[in-house]
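Structure, as structure tokens:
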Amino acid sequence: MNSKRLITVFLIPFLSLNAYSWSSKEHRLMAYIAEEHLTKSTRVILAHYLNHSIVEYSTWMDRVRKSPEYKHTTFWHSATMAEDGSFPEDGKGKAIPALNNAIKILENYREYDDSTVFVNILYVIHLVPEIHCPSHCFYYDLGDPKTADSRFHQKVYFDGKIKKYHSVWDSSISTLYPGLTLDEYKDKFDNWSPTMQRSISDGTPEDWMRDIASICRKIYDLAEPDTKIGIDFLRLHKDIPESMVPRAAYRLARVLNDIFDKEQPSRQRMNIRCCHKSRQSQNHAKRRKNN
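The sequence shown stops at residue 290 when you use numbering that gives the first Met the number 0, and every number in between is there.
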């Protein structure tokens, strides 16, 4: 049994579950839109490594994060931003270095075995949308993220029930628009012009995170700890999560196309500069043996 098959067998129980969380719906939506913007060449290469649509793999990292094999990815789901807009290597949120490392591996995917390529594709599929959640950044000026005093950990009363403020934003799109199909979500959010899509997907993960923060950091000005909020609160501020959906989808498509479709016109390709090596040892990053 080859390495790809082994990982696929491991995934079967996860992919067959029907009980998706609200946050999973957001991930599936962004992957669904991104998939519509993949080139033919990118689709062909992805099909070699994946046995399912990228939509089905979009929540994989959430499903395995507590397993012993992937415990090292626990803090890859959020970024850490200092007051000067940098991303400290010792920050609690490791999303940016983890994403950069996965991209760096995939840029040389022909040098790696199939299982290494497979798992790093899954990292990219999840992490690009993940950093676009309005609450997925630790801001140093809002308290030490390693302590309970950080605003990242604050709780509010949502419709009378105490809830992590973070999770209010995790499920914001599906809370605002429950019951829509993926096609209906796509019709609502996938409407940017090609020029806008290229412009918003230019840059590096660090650039994207700064753009995200410029829009999303204000969520902590909108609600103090223990504030009573509800669906009307989300409706009033829906422009925040709604602006993240197309950004995440177009950037994910751009990364995958730039890695796997080298025939794209140069003007359409982004310059991915993985300038920040992750200190996390991604267990599957073993190069092929030459013999």
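Where a beta carbon is used, it is the ideal one built from N, C-alpha and C, also for glycine.
Every value quoted in this text rests on a predicted model; they were computed, and no experiment measured them.
**OP:** Could you spell out the range, first to last residue, of the beta strand (DSSP E) harbouring Y48?
**Re:** First-last for Y48: 39-48, but that is the alpha helix (DSSP H), not the beta strand (DSSP E).
Original post:
Thinking C-beta only, is Y31 closer than 9 Å to V54?
Top reply: Yes, the Cβ-Cβ distance between V54 and Y31 is below 9 Å.
Subject >> Contact check, I130 vs I211, beta carbons under 9 Å >> reply: yes
Original post:
Can the beta-carbon of E35 be found less than 9 Å from the beta-carbon of S173?
Top reply: no
**OP:** Please look up how many angstroms separate the CB atoms of Y306 and V116, rounded, as I've assumed it's under 8 Å.
**Re:** The structure shown does not extend to residue 306, since the chain is modelled only from 0 to 290, so the question has no answer here.
Original post:
Are the beta-carbon atoms of A309 and W75 separated by less than 9 Å?
Top reply: A question about residue 309 goes unanswered here, because the residues of the chain that appear run from 0 up to 290.
Original post:
Which residue's Cα is closest to the Cα of Q196: Y249, I161, P128?
Top reply: Y249
Original post:
Between L221 and N50, what straight-line distance do the alpha-carbon atoms span, to the nearest angstrom?
Top reply: 43 Å
**OP:** Can you tell me which of the three DSSP states K261 falls into?
**Re:** coil
Subject >> Backbone CA spacing between K217 and G84 [nearest angstrom] >> reply: Cα-Cα distance, rounded: 15 Å.
Original post:
Would the segment 187-207 and the segment 246-262 be scored as touching if the rule is three or more Cβ pairs under 8 Å?
Top reply: In this structure the segment 187-207 lies against the segment 246-262, because at least three pairs of beta carbons, one per stretch, are closer than 8 Å.
Original post:
From what residue to what residue does the alpha helix (DSSP H) around C132 run?
Top reply: No alpha helix (DSSP H) contains C132, which DSSP labels as neither H nor E.
**OP:** Taking only the alpha-carbon atoms, compute the straight-line gap between L14 and V63 and give it to the nearest angstrom.
**Re:** Caution applies to L14, whose pLDDT of 44 falls short of 50 and renders its modelled position unreliable; the value that the coordinates give is listed next. So the two alpha carbons sit approximately 12 Å from each other.
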